[in-house]
Amino acid sequence: MKLCPYCNFANDDAATVCRKCEGPFVAQQQYVAAKAYLVGPEKSRLLRGRALSAIVLGLLIAVYWGEYGPWPVVDHPALASLRTWLQPLLLYGGGFLYALGWVLRYI
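So the sequence shown is residues 41 to 147, counted in my numbering.
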């Protein structure tokens with residue numbers, strides 16, 4: 041006879057659930073109610089990490105291509121034209137994506 045750990049009722053040896061209180065004798069899968077997120081904390085953390093990478097890359101472009109250091113300036117025409125739209129895109133886009141990541145965390 042198998043005794044129930046919850047109510048001490050004597051059950052059959054092959055039983056998996058108590059006949060009196062319906063308590064389980066073996067481990068069963070537990071279901072936990074959780075809020076279903078559209079984006080969620082994990083994806084928003086990934087988005088914020090990528091946004092910070094974009095901001096750092098934009099700052100590196102500003103420093104290394106913007107004559108802010110003792111190194112020679114990159115003066116190739118193709119790279120100079122690339123800097124004019126790439127730096128603001130990375131800085132402002134990264135800031136926007138970081139803020140969006142905080143908002144999407146709760147959606």
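Even glycine gets a Cβ: it sits at the ideal position worked out from N, Cα and C. Just so we're clear, the structure is a prediction, and the values are computed from it rather than from any experiment.
Identify whether V9 lies in helix, strand or coil by the three-state DSSP scheme. Missing from the structure shown is residue 9; the chain here goes from 41 to 147 and no further.
Rounded C-beta distance between G141 and I95? I'm assuming under 8 angstroms. With a Cβ gap of about 12 angstroms, G141 and I95 do not count as contacting.
Would you list the residues sitting across from N48 in a DSSP beta bridge? Beta-bridge pairing links N48 to no other residue.
Can you give me the start and stop residues for the alpha helix (DSSP H) that W125 sits inside? P117 to L144
Quick one, are the C-beta atoms of L78 and I147 less than 8 angstroms apart? yes
Who does L43 pair with in a DSSP beta bridge? A50
Those residues which DSSP pairs with A57 across a bridge: Residue identity differs from the one stated: residue 57 is Val in this sequence, not Ala. Paired residue(s): P64.
Backbone CA spacing between L119 and V143 [nearest angstrom]: 35 angstroms
Tell me the rounded alpha-carbon separation between H116 and R90. 28 angstroms
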